[in-house]
Amino acid sequence: MNNKQIQSTSPNVLQEESFMNHFLPEMNYEVDSVGYIHWDIQSWGQLEQRSKGPTFEVAGHKWNILLYPRGNTAKDKVSIYLEYSDASTSKEGWHVCAQFLLAISSPQNPEVFIKNNAYHRFTSDESDWGFTNFTELQNLLIPNNQGISLLSDDKIRISAFVKVAIDKTGVLWHNFLNWDSRKQTGHIGLKNQGATCYMNSLLQSLYFTNMFRKAVYQIPTKNDDPNRSVSLALQRVFYELHTSPTSVGTTELTSSFGWDPTEAFMQHDVQEFNRVIQDNLETKMKGTKADGAIAKLFEGKMKSYIECVNVNYESSRIENYYDISLNVKGCKTLRDSFVDYCQVETLEGDNKYMAEGYGLQEAKKGVIFESFPPVLHLHLKRFEYDFAYDNMVKINDRHEFPLEIDLGEFLSKDADQNESWKYVLHGVLVHSGDLNSGHYFALIRTEIDGKWFKFDDDQVIPVAENEVFEENYGGELHHINSRISQPGENNLYENPPSLPAHVHFKNNTGFDLVKMGDYLDFDPPIVHRVRKDTPFADFANYISKEMRVDARNLRFWTFMRRFNGTVRIDSPIPRNYNNLMIEDVQSTRIGTTQLPVLYCEVIDPLTENSDSIDYFNFSPKNPALVHIKYYDPYKKTIAGVGKLYLSELTVIKSIIPYLQKIQGFSKDTPITLYEEVYVGNVVKLNIEESLKEAQMQAGDIICFQKTLTDQDLQNFTKDDEALPTVSDYFDYISECIPVTFCKLPKFDNALNSSDSEELGSEIKPQPLDHVEMNLNLKLSYKQVAAHLAAKLGLPDSTKIHFVHASEAGVPRFPVTYDQSTTLFNMLPTVYQNHKNLQQLISLNRECIIFYEVLEVSLDQLEKLKKISVTFILDTLKNAHYFDVLVPKISDTQEMIDVIHNKVLPLLKSTEYVSNVASHGNKAADSVKSPAETALSSPLAKINKYSNDSSLPDVGSINWSNSCVYEVSNHEIVRLFDGSEPISSIDAHGSSVIFDMNAFESNVQGGDSGQDKKDTGGVDNYMETVDNEKADQMKMVKVFHFNKNNMRVHGIPFILRLYPNEQFYPTTWMRIKKKLGMSEKEFSKVRATIIRYSGQSSDVKPEYIDQLTSVEGVKEGGVDSGDGLASESKMELEQPLTAESKDLSNEDKPIVYLYDLVTHSNDILGLDHIDRSSRSRAHNESAIKILN
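Under full-length UniProt numbering, think of the first position of the sequence shown as 1, with each following residue one higher.
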């Protein structure tokens, strides 16, 4: 058996420079230094499980090879890593960026090797990086096809080749986890409310416009309504951008605009928003110190004129402007766009100008600038109206803008020429996406000679200059504004261009000559609107001018829709057009549209119609035009590379030399040919046949590739996603579909209520966290995750978890993780129910799959259970939400321990530990009833898992007052004592509540006089509870509802009851404390008791404020266990409506809840409105600032 994985090729590992250049991929970074080492191992079998190679130095850093000869957590594998040797002794916060290549080779035969390469940012957290599964252990012993094995006589060589990168920005290959923008850059970002990235980008740019910021601060706001003052809200945002350590919210600002929360989810254009907010502020500045500041900063003047050539007459108009919209199409640079803007038009002939007093005159018409403002806003127009499609289309031409530009040449002769009109680029506002959606971020140079930073919502990172310029010259939507030594902000827009058909053919990675869908294609070839009665000769002359080619050197071909559904070139239009009209040209149906589709080629008249056989040129002997594509199976790419002219008698093998020449192959390079027939039918050609025998004709497409050897085929079998042949490639893409992966929105899912699906339906994904890819429907779960990880730059694809989306594009339930799950199974149901695959792919609708990146791998997750936890520290309003992962085969005590460990940081941040120390452990020492002991004592166990020395020790926390219980549909199901199996917790309908102070008598603590006054003497009362009464305490479950006790909501909790404690006011005020409500909110709450009846039928709640005390209220009433009290204590008056007037404490009945609760299943209900907030996503509308 031969080892197919071992390579035997040149250069070998001892030819270090050539080896690195050949096998290390080119990457966009500057190299600091290069180095390598060879570790010759003499006794492989005697190596320790974890072995280190000799140290070597590159760029002043020490490195070594880290080897696990028998695998690191991977059985029968060889694991190899590159390790940073000085990790333990380097200063805090160190990092080194390196690209590296690791290789195992035969010591006697260095040309025989196995290699892998990677790049990594080495830090104290990740000081080694490499390959756990570098190769199978057996591959070291199995010889290759030349009979050479890597491991011979127990000897082997391991080599490391390292390129250390220069990290100019300090963030090269950074994962930005726990990134502190203020600490790292000195700046902070703005929080995205949903789709407010356009606003965030502009605000950052305006903030760094120093004079603008100063003018905003000068607006008087002392007497403004804080809820309606745009000026005050903007001042606060600017102040917080200067002082806050974390990202700043903008909800107060948008509220001052008069917007409701739905506006935060509407897409808007940044240029429109800039004009609206400047107009608003300009009004607010009138009559203040800031009056005129907007105009002084951003206002320039331009003159539109018509000047007669032969008489002394000029008509002109001077206008103010706040930004300039410049053309991109036909302009390569920013200067070209200004030249185009100021282009002079001559009015002559039938278009002469009627000059007053002079009659028709030849004249010049144009625009010239009278002045430029200190801060210049430029808007590059990358959208234009396409008449053929009756829609806006994108222009994606490359357009360069400089760091500095002198605009003096575009000023009128009357302008001040002594002043400098040089401008310096201050910022670029970038919009990636299309006309309907996308994401804005800002690239700003915060100081005139300083660094560039990327402001992307709440994240600020440094960027290199090439990211500002080269990466934004084309393909994105952006903005530019600038001025000499004066910060400005910039606006540039970009769109996809209309490309010539030959460019489309070259770039078409799919089927056919160009992509033709229902409306041609998304980026169509050039489309022209022409009258049907236009002579074709006139149309040909028009095209020749567009292409700058002599019309005699153009040949046009018609297209035809074939029976198999493909649209292919048919035949050339005769060169002698005579009386041919456009309407006479053969039309072709494209989707539902019938129109002429033409292919235009430029010919060389010197080589046309030659009698010699030359397949590169058209002749009457070879009239059939056939296009050629080349497929590279290693890169999995296909592209149009040329065309040939053949006849039906042409034998296919005779064109092989032409194909070899097209691709630059030597004459002895074997190639294999295929024909694209139609989607789903790509056939291998028999080169011995003629075109006629192969049933080929004009318009057909031939694809070719290098012929694969047996070795090549063996190599491809090791790759599950290999596409070795043209047929494999087209089969693959025929089953590909565009998928949008959206980051799973984070929201508080505290109790997994029965209406949680309704809640979920209102949570739309934010447009900023999405990735679009074209993927094959047959890809497995792991393969899809690998593609997404590569796109996101994540090092570990096994931690990606997918979630199904509904038809409305909101998250539903997790995707099943197993070997049988494919991308098709991950799609929304509407896609899965489609029977016709091509119809599925042609659906013009967004296909969404949600994803999240977990802390553990999915394989580990399979062994764990995810449980949603609500943590209550003191009041229900101060609840915190998180998830915990607990082994499926464990008990609830392990879950409790994990929860304890999870809440430690919060306890520290709230100084809970110091409060415990100051109050002592009275609660822990108090006497408990047997029932209470059963509920709480297991929770006092000490968690041994905390490793963070900065946190309090778990054992120092008093857990005895805490309680952990299961909740379903907002009601308490059971209290955990630590012995229940984790499997008994419902994975879909339940969550867990951890109440830190469930059994604490004084809920909020503190001993201020104000506290005692607010609680109506609760604290004083609790201090009088003696041990005898404490021993008699009861517990009652409390839940929330709104009018109907079936309409439950909120977080349920446990309430402690004491003998002889009056419900009004003492118990009632303890409940108020637990809820954390204001007096106004709490006045709307009504208490009810629902008595256990032993039946499943609906039991109506009894409102406690409607109960009347009766004689003998303090006697009897012992829980008999069957739900019946030995003696009734209270009776109902006539029921009152829910709108009954709230009674003062003096008017409320004397009620002892301790005596009312006679059975462990009696429940206390609180009737009040559900005030939980829900957000929705909305479509875009016009921007309005109402205040």
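In this text, a Cβ means the ideal position worked out from N, Cα and C, and glycines have one as well.
Neighbourhood of residue i by C-beta, 6 Å cutoff - its chain only, sequence neighbours within 5 removed
i, result
"Thr892", "Phe976, Gly978 and Glu980"
"Ile294", "Gln278 and Glu282"
"Val164", "Asp32, Ser33, Val58, Ala59 and Ala98"
Residue i and residue j closer than 8 Å at C-beta
i, j, result
"Met773", "Val803", "no"
"Ile104", "Ile156", "yes"
"Ala624", "Ser647", "yes"
"Asp457", "Lys183", "no"
"His1040", "Leu1166", "yes"
"Val1151", "Ile1104", "yes"
"Trp63", "Ser33", "no"
"Ile628", "Leu659", "yes"
"Glu689", "Val682", "no"
"Val992", "Val815", "no"
Backbone secondary structure at residue i - three-state DSSP
i, result
"Ser1057", "Reading off the sequence, residue 1057 comes out as Leu, not Ser. Strand at Leu1057."
"Thr875", "coil"
"Cys342", "coil"
"Val162", "strand"
"Gly349", "helix"
"Pro657", "helix"
"Tyr781", "helix"
"Pro1101", "coil"
"Glu92", "coil"
"Gly467", "According to the sequence displayed, residue 467 carries Glu and not Gly. It is helical."
Distance between residue j and residue i (C-alpha atoms, nearest Å)
i, j, result
"His377", "Ser127", "46 Å"
"Ile896", "Met826", "34 Å"
"Val898", "Asn878", "21 Å"
"Cys308", "Val344", "12 Å"
"Leu904", "Asn961", "16 Å"
"Gly258", "Val810", "28 Å"
"Ile662", "Tyr615", "12 Å"
"Glu362", "Ala415", "26 Å"
"Asn144", "Glu136", "14 Å"
"Leu513", "Arg568", "7 Å"
"Tyr645", "His770", "46 Å"
"Phe522", "Gly359", "In this predicted model, Phe522 has a pLDDT of only 34, less than 50, meaning its place in the structure is not dependable; the value taken from the coordinates is given anyway. In a straight line, the C-alpha of Phe522 is about 50 Å away from that of Gly359."
"Glu57", "Cys703", "49 Å"
"Val651", "Met547", "35 Å"
"Ser797", "Glu1102", "56 Å"
"Asp748", "Asn1161", "Low per-residue confidence applies at Asp748: pLDDT is 41, beneath 50, and the placement is therefore not dependable enough to give any value."
"Phe372", "His880", "54 Å"
Sheet register partners of residue i (DSSP bridge)
i, result
"Glu26", "Paired residues: none, contrary to the question."
"Tyr68", "Ser79"
"residue 1189", "With the chain covering 1 to 1187 only, the question about residue 1189 has no answer from this structure."
"Met560", "Arg568"
"Glu307", "Glu314 and Lys364"
"Thr822", "Ser780"
"Tyr645", "Leu625"
"Leu411", "Phe369"
"Trp39", "Ile158"
Close beta carbons around residue i, own chain, < 8 Å, minus the five adjacent residues each side
i, result
"Ser412", "Lys303, Ile368, Phe369 and Glu370"
"Leu779", "Glu721, His787, Thr822 and Leu823"
"Glu1111", "In this prediction, Glu1111 scores a pLDDT of 31, lower than 50, which makes its location untrustworthy; the coordinate-derived value is nonetheless stated afterwards. Excluding positions up to five away in sequence, the list is empty."
Short CB-CB distance (under 8 Å) between residue i and chain D
i, result
"Trp1068", "No chain D is present in this structure, which holds just one protein chain."
Close beta carbons around residue i, own chain, < 7 Å, minus the five adjacent residues each side
i, result
"Ala290", "Ala215, Gln218 and Ile219"
"Asp167", "Cys97"
"Asp986", "Ser968"
"Ser10", "Glu111"
"Arg121", "His95, Cys97, Leu172, Trp173 and His174"
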